[in-house]
Structure formats: C-alpha cells, structure tokens
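Numbering (our numbering), first residue to last: 65 to 209.
Below, the structure is given as structure tokens:
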C-alpha cells in the first residue's frame, strides 16, 4: 500500500518548467510594489472609472506578494545543490553550463541534478503554499493513474 500517490516524474518536470516560464514570471510582475499604494488625486478632471476598488487591488497584490515569497522560500528549503541549481537557473538567469562550472560537475550530472532539484521543488512548493490557505495551494505534481 502506498501512502502517497505515485508521481509521474516526466510530467511533473514539465509542469515545473512551465510554472517558472509562465506563472512565476507573472507572479513576480504582479507582486511588485511600484504604484500599489497612492493617494487619491482630486484635480477636478474626469477620469475613467476602474471597477476594482483600491482595497481589492491591494488584497490581490498582497496575495501575489505572498505567493512570490512562498516560491522563493520553497527554493530556499531545497537541499544545497538543488537550491544552487534552482536559484541560479530560475532566479538569477544563469545558463546551465555556468551552474555546472560553479558546482564542478559534468554536463550529464548537472541535468540529472536539475531534474531532481525540480522534483524536490514541486514537493517543497506544495507544502509552502499549503500554509497560505486552500486558494493558494500550488501542486505541480502529475500523478499516475
């Protein structure tokens, strides 16, 4: 009897790569602090109306900021070599060969460790985002049927 459902590693790796390529970049953009809080302007001129109240905007922004922190925390909780790979590749924009040189490992060892790092990240992200509440849980795992 398995306690945990069996993971489809190939699809999970694809999900992690897609998350960093698409979702994480958007979370990062939407969690920025520029222009989040501003004083109302009363210049007497008509302006277009925004249906989104400042309160709702700030709540959504805070949620994205929490998600951004959760992703970074999930990376930071990974084992040392995995953390170096994930931070270097996804946060610092380093190329694979640069990380490979930093770790002093072969190309094949780098790609093997990168896959393991991404699988560990999927585990850590699930746990880290679960602490934020049900609506923020990010599960990048693909499960075998």
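Every residue, glycine too, gets a C-beta built ideally from N, C-alpha and C.
Residue 199 lies in the alpha helix (DSSP H); which residues open and close that run?
-> Counting along the chain, residue 199 falls outside any alpha helix (DSSP H), and DSSP gives it neither H nor E.
Taking C-beta to C-beta, are residue 146 and residue 181 nearer than 8 Å?
-> yes
Distance, residue 134 Cα to residue 140 Cα | 10 Å
Reference residue 96, options 83, 177, 128, 208, closest by Cα = 128
Could you check the C-alpha separation between residue 191 and residue 136 for me, to the nearest Å?
-> Each residue's alpha carbon lies about 13 Å from the other.
Helix, strand or coil: how does DSSP classify residue 71 here?
-> strand
Cα-Cα separation, residue 131 to residue 80 | 15 Å
Using a Cβ-Cβ cut-off of 6 Å (strictly less than) and excluding sequence neighbours within five positions of residue 189, which residues of its own chain qualify?
-> Once the five neighbours on either side are set aside, the close Cβ partners of residue 189 are 138, 202.
Strand pairing of residue 207, partner residues [DSSP] = 71
How would you label residue 36, buried or exposed, when you count the other beta carbons within 10 angstroms and need 16 or more for buried?
-> Residue 36 lies beyond the range of the chain shown here (65 to 209); nothing can be said about it.
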